[in-house]
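Shown next, in structure tokens, is the structure this report addresses.
Numbering (our numbering), first residue to last: 420 to 687.
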């Protein structure tokens, strides 16, 4: 079976950073297939990177998964390899990998990546994606075992981002903005099933509370079901409720950053 390595970073596409990672992997594991998950994560946005990786991982082959959204590169944070669900996740221990590890069934073992024998030298303190994560991924494809990367890390000591939650109570459901995509669509931690439990169906109108503001939004199958410029709520491809503007930016219009509190209910 062809080994698979996936890459998720905030490196962008304007420079040669992504190509350098590909080149290092190709030099060590030329047989590996490399899948680019995303390189346009907003700079240093660990939460957005965690959400994209977790929501993509169910559709990726088993393999080695590199996450490099690493605002503390060169600092005290450690690099880790985490085994979960037949996969190995490689990246900084800053919570970036935690939601994808959970989506893969939870961590089975974790190791600090500290054995410099497996790095590219010299190691840049600010480019571990090229000099640490990529060569380690290539060598894992070649048969290196995660336990050879460094000492085992107790699973309870891995950094985890708080899981987005929703709460059903008193005829409404409360949640938060999980992430905002490049279109300005705001993905909530509220699942479509939560609305079904409240008796809300596609075609209904939703009551939406954003702090002290209250809105009434159409709940439809897609943003295209409303005229351009209009707000709409719908269940996105991850089964979560999203608020969007057809041909517009809902996050900007409503002032909804990741983490903002939102409450939904059937419209009276």
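Even for Gly, the Cβ is constructed at its ideal location relative to N, Cα and C.
Asked: Under the three-state DSSP convention, the category residue 638 falls into; Found: strand
Asked: N- and C-terminal bounds of the beta strand (DSSP E) containing residue 580; Found: First-last for residue 580: undefined, no H or E at that position.
Asked: Residue range of the alpha helix (DSSP H) that includes residue 613; Found: 611–616
Asked: Pair within 8 Å by beta-carbon distance, residue 506 and residue 523; Found: yes
Asked: Member of 595, 658, 640, 517 whose CA lies at the smallest distance from the CA of residue 612; Found: 658
Asked: Residue 662 versus 650, 678, 425, residue with shortest Cα-Cα distance; Found: 650
Asked: Element boundaries [alpha helix (DSSP H), containing residue 396]; Found: Missing from the structure shown is residue 396; the chain here goes from 420 to 687 and no further.
Asked: Residue nearest to residue 485 in terms of C-alpha spacing, selected from 677, 547, 478; Found: 547
Asked: Local conformation of residue 673 per DSSP, three classes; Found: helix
Asked: Beta-carbon gap between residue 500 and residue 454 smaller than 8 Å; Found: no
Asked: Residue 623 vs residue 685 beta-carbon contact at 8 Å; Found: yes
Asked: Cβ-Cβ distance between residue 482 and residue 422 below 8 Å; Found: yes
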